[in-house]
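Just add 14 to wherever you are in the sequence shown, counting from 1, and you've got my numbering.
Note that the Cβ used here is the ideal one computed from N, Cα and C, for glycine as well.
Note that the structure is predicted; figures quoted are calculated from it, not measured.
Contents: one structure, followed by commentary.
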Amino acid sequence: MLKVVIYPHPALRYESVPVTRVDDDLRSVVREMFELMYESNGIGLAANQVGLPFRFFVLNTTADPERADQERVFINPEIVKRQRSIEDEEGCLSFPGLYSKVRRAGKIRVRAFDLEGNTIELDADDLLGRAIQHEADHLSGRLFIDHLEPARRVSAETKIREIEAAFRKAQREGEYESDETIARRLDEIAANGTIPADLAGRVSQE
Ligand code: ZN
């Protein structure tokens, strides 16, 4: 079972490793990530956010499950070109209730693989370009709060502390393992290079 983890879960600061195999486990996790994303009204979700240390993310800028034609999967993405710079509002499913203006490139070119293993090269601007930059950041353990200008970071601080307190409380209540255990498991999964059977939905959990 996957779930969206909140800040400061260690997976969110993890430098994820490339995907080496596009298989049924990956396809099943991708499907589940889209469902989780729609449940939370999000437009994008990175593997880090469900505790998986691999470089891929899913996007649907319509946030509408009826618009499956707008679903995109980016595997091992690389932003190869950035142009202009624009400020706009962002949020993140790992920071419930926090929104702030973030400066990013206004236009980008991204290269990645899709779920069929084909290379995609895409020029993107507006919301799609912004979402791709936000999600690609996740794969390197970078978060949108890292991009906030000092004054905005200060005004975001109270909300960040609240989210952090909620994570620590859930951790004390056993919903999350300790930071050390999570970090060890992330290292193991990354070194092994495959999605664990339980997370791929191949083993039913109590
Ligand atoms: Zn995010």
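Check	Outcome
Skipping 5 residues on each side, what residues in its chain have a beta carbon closer than 8 Å to that of Glu-220?	Legend: pLDDT at Glu-220 = 44, less than 50; position of this residue unreliable, no value from coordinates given.
Where DSSP assigns a beta bridge to Pro-89, which residues make up the other side?	Position check: residue 89 holds Ile in this sequence, whereas Pro was assumed. In DSSP, Ile-89 forms a bridge with Phe-70 and Phe-127.
For Glu-46, collect the residues of the same chain with a Cβ closer than 7 Å to its Cβ; drop the 5 residues on either side in sequence, then sort them by chain order.	Leu-16 and Gly-215
Leu-162 and Tyr-28 - do their beta-carbons sit closer together than 7 Å?	no
Please determine if the stretch 67-84 and the stretch 143-162 are in contact, where contact requires at least 3 C-beta pairs separated by less than 8 Å.	yes
For Leu-73, which residues in the same chain have their Cβ closer than 6 Å to its Cβ, ignoring the five residues on either side in sequence?	Gly-58, Arg-86 and Ala-145
Are the beta-carbon atoms belonging to Ala-204 and Val-31 less than 7 Å from one another?	yes
Measuring alpha carbon to alpha carbon, tell me which of Lys-121, Glu-103 and Arg-123 ends up nearest Ser-114.	Glu-103
Can you give me the C-alpha to C-alpha distance between Leu-213 and Ala-61, rounded to a whole angstrom?	11 Å
Check whether the stretch 111-130 touches the stretch 92-102, taking contact to mean three or more Cβ pairs, one atom from each stretch, closer than 8 Å.	yes
Can you tell me whether Glu-101 is helix, strand or coil according to DSSP?	strand
Just to confirm my understanding: we take Cys-106, look at its own chain, exclude 5 residues before and 5 after, and list those with CB closer than 6 Å. What are they?	Phe-158
Out of curiosity, what's the CA-to-CA distance linking Pro-24 and Ala-184?	14 Å
Using the Cα positions of Lys-95 and Lys-121, report the straight-line distance between them to the nearest angstrom.	8 Å
Of all the options Arg-35, Val-19, Gly-65 and Phe-109, which has the alpha carbon lying nearest to the alpha carbon of Thr-172?	Phe-109
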